[in-house]
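Colleague: The structure follows.
What follows is the structure in C-alpha coordinates.
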(Lines of atoms letter the chains of each structure in order from A and count residues from 1; the text may use other names and numbers.)
(Lines give C-alpha, C1' and ligand atoms only; values in the text may rest on other atoms or scores of the structure.)
Protein backbone atom coordinates (compact mmCIF):
# COMPACT_ATOMS: atom_id res chain seq x y z
CA UNK A 1 0.00 0.00 0.00
CA UNK A 2 2.78 2.47 0.86
CA UNK A 3 4.39 2.45 -2.61
CA UNK A 4 0.96 3.23 -4.09
CA UNK A 5 0.55 6.19 -1.74
CA UNK A 6 4.02 7.44 -2.63
CA UNK A 7 3.15 7.22 -6.32
CA UNK A 8 -0.20 8.99 -5.88
CA UNK A 9 1.27 11.81 -3.78
CA UNK A 10 4.11 12.27 -6.29
CA UNK A 11 6.14 14.55 -4.02
CA UNK A 12 3.31 17.04 -3.38
CA UNK A 13 3.19 16.26 0.35
CA UNK A 14 5.24 14.55 3.03
CA UNK A 15 4.25 10.97 3.81
CA UNK A 16 4.04 10.12 7.50
CA UNK A 17 3.53 6.43 8.22
CA UNK A 18 1.59 5.60 11.36
CA UNK A 19 0.69 2.12 12.53
CA UNK A 20 2.60 -1.11 12.81
CA UNK A 21 5.99 0.42 13.58
CA UNK A 22 7.28 -1.75 16.43
CA UNK A 23 11.02 -2.04 15.71
CA UNK A 24 13.82 0.04 14.27
CA UNK A 25 13.93 -2.26 11.26
CA UNK A 26 10.31 -1.34 10.52
CA UNK A 27 11.43 2.30 10.30
CA UNK A 28 14.16 1.37 7.79
CA UNK A 29 11.68 -0.58 5.66
CA UNK A 30 9.09 2.22 5.70
CA UNK A 31 11.67 4.82 4.68
CA UNK A 32 12.94 2.51 1.92
CA UNK A 33 9.37 2.19 0.63
CA UNK A 34 9.02 5.97 0.44
CA UNK A 35 7.75 7.25 3.79
CA UNK A 36 9.28 10.55 4.86
CA UNK A 37 8.98 9.68 8.54
CA UNK A 38 7.41 7.15 10.88
CA UNK A 39 5.15 7.80 13.84
CA UNK A 40 5.39 5.43 16.75
CA UNK A 41 3.44 5.18 19.96
CA UNK A 42 2.63 1.72 21.18
CA UNK A 43 6.22 0.68 21.99
CA UNK A 44 6.70 3.86 24.02
CA UNK A 45 3.46 3.18 25.89
CA UNK A 46 4.71 -0.32 26.69
CA UNK A 47 7.90 1.19 28.09
CA UNK A 48 5.90 3.75 30.06
CA UNK A 49 3.67 1.06 31.54
CA UNK A 50 6.63 -1.06 32.61
CA UNK A 51 9.12 1.51 33.86
CA UNK A 52 7.74 5.02 33.50
CA UNK A 53 9.94 7.68 31.91
CA UNK A 54 12.99 5.41 32.06
CA UNK A 55 11.03 2.76 30.15
CA UNK A 56 10.21 5.21 27.36
CA UNK A 57 13.86 6.26 27.17
CA UNK A 58 14.88 2.59 27.01
CA UNK A 59 12.44 1.85 24.17
CA UNK A 60 13.73 4.83 22.18
CA UNK A 61 17.32 3.69 22.74
CA UNK A 62 16.40 0.22 21.44
CA UNK A 63 14.88 1.84 18.33
CA UNK A 64 18.05 3.89 17.80
CA UNK A 65 20.31 0.84 18.17
CA UNK A 66 18.20 -1.25 15.80
CA UNK A 67 18.22 1.52 13.19
CA UNK A 68 21.99 1.98 13.55
CA UNK A 69 22.58 -1.77 13.27
CA UNK A 70 20.30 -2.22 10.24
CA UNK A 71 21.90 0.74 8.49
CA UNK A 72 25.40 -0.56 9.22
CA UNK A 73 24.56 -4.04 7.96
CA UNK A 74 23.10 -2.44 4.82
CA UNK A 75 26.20 -0.30 4.24
CA UNK A 76 24.34 2.96 4.87
CA UNK A 77 26.03 5.93 6.55
CA UNK A 78 23.05 8.25 6.95
CA UNK A 79 19.24 8.17 6.93
CA UNK A 80 19.19 9.94 3.57
CA UNK A 81 20.95 6.94 2.02
CA UNK A 82 17.94 4.70 2.66
CA UNK A 83 16.16 3.90 -0.59
CA UNK A 84 14.26 1.13 -2.35
CA UNK A 85 17.49 -0.45 -3.57
CA UNK A 86 18.15 -1.91 -0.09
CA UNK A 87 15.00 -4.06 -0.22
CA UNK A 88 14.79 -7.59 -1.53
CA UNK A 89 11.47 -8.18 -3.25
CA UNK A 90 9.91 -11.58 -3.62
CA UNK A 91 8.48 -12.38 -7.02
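Numbering (this note's numbering), first residue to last: 3 to 93.
Don't be surprised by glycine CBs; every beta carbon is placed ideally from N, CA and C.
On a predicted model such as this, the values are computed, not experimentally measured, just so you know.
(1) Is it buried or exposed for residue 16, if we count other Cβ within 10 angstroms and need 16 for buried?
(2) So, under 8 Å CB-CB, residue 69 and residue 34 are touching, yes? Tell me the CB distance rounded to an integer number of Å.
(3) For residue 72, count neighbouring Cβ atoms within 10 angstroms of its own Cβ and tell me buried if that reaches 16, exposed if not.
(4) Residues in the same chain with beta-carbon distance under 8 Å from residue 99, minus the five sequence neighbours each way, listed in chain order, please.
(5) Can you tell me whether residue 39 is buried or exposed, with buried defined as 16 or more other CB within 10 angstroms of its CB?
(6) According to DSSP, residue 18 sits in a beta bridge with which residue or residues?
(7) Do the region 21-28 and the region 39-55 touch if we need at least three Cβ pairs shorter than 8 Å?
(8) Express the C-alpha separation of residue 67 and residue 49 in angstroms, rounding to a whole number.
(9) I need the boundaries of the alpha helix (DSSP H) containing residue 23, first residue and last residue.
Modeller: The answer reads as follows:
(1) Counting from one through the chain shown, the residue named residue 16 turns up at place 14. By the neighbour-count rule (16 or more Cβ atoms within 10 Å), residue 16 is not buried but exposed.
(2) Working through the chain shown from its first residue, we reach residue 69 at position 67. Working through the chain shown from its first residue, we reach residue 34 at position 32. Not confirmed; about 12 Å, so no contact.
(3) The residue given as residue 72 occupies position 70 in the chain shown. Residue 72 should be labelled buried.
(4) Given a span of 3 to 93 for the chain in the structure shown, any question on residue 99 remains unanswerable.
(5) By 1-based counting over the chain shown, the position of residue 39 is 37. Residue 39 sits exposed, since fewer than 16 C-beta atoms from the chains shown fall within 10 Å of its C-beta.
(6) Working through the chain shown from its first residue, we reach residue 18 at position 16. Paired residues: 39.
(7) As far as the Cβ criterion goes, the region 21-28 touches the region 39-55, which means the pair count is three or higher.
(8) For the purposes of this step, residue 49 is identified with residue 47 of the chain shown, where counting begins at 1. For the purposes of this step, residue 67 is identified with residue 65 of the chain shown, where counting begins at 1. Between the alpha carbons of residue 49 and residue 67 lies a gap of roughly 16 Å.
(9) Residue 23 sits at position 21 when you count from the first residue of the chain shown. First-last for residue 23: undefined, no H or E at that position.
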